[in-house]
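Visitor: Numbers 2 to 54, taken from this note's numbering, label the letters of the sequence shown in order. We put the beta carbon where it would ideally sit given N, CA and C, even for glycine. A single structure is presented below for examination.
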Amino acid sequence: MTIFDDLKMFLDESVQVTCPHCSHIRGQRSSNIRKNISCICPKCGHFFLPEEK
Ligand SMILES: [Zn+2]
Numbered sequence: 002m003t004i005f006d007d008l009k010m011f012l013d014e015s016v017q018v019t020c021p022h023c024s025h026i027r028g029q030r031s032s033n034i035r036k037n038i039s040c041i042c043p044k045c046g047h048f049f050l051p052e053e054k
């Protein structure tokens, strides 16, 4: 493991999640996804858990 792998875990990088209801794509903090924090689609208001890819 390199130092960059360690840093990567703490980096708050933004990933794209797709709403399963309306397919709207939005940015989501990857740290939130790891914590399994639900997000709400800004377009249709659908409540869902993003999946990390
Ligand atoms: Zn939606």
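Unbroken beta strand (DSSP E) runs of length 3 or more, entirely within the region 21-45: which are they?
Guide: 26-30
Visitor: Considering only residues of the same chain and omitting the five flanking positions on each side of Cys40, which have a CB-CB separation below 6 Å?
Guide: Gln29 and Pro51
Visitor: According to the neighbour-count rule (16 or more other Cβ atoms, all chains shown, within 10 Å of its Cβ), is Cys23 buried or exposed?
Guide: exposed
Visitor: What number of angstroms, rounded off, separates the C-alpha of Arg27 from the C-alpha of Pro21?
Guide: 12 Å
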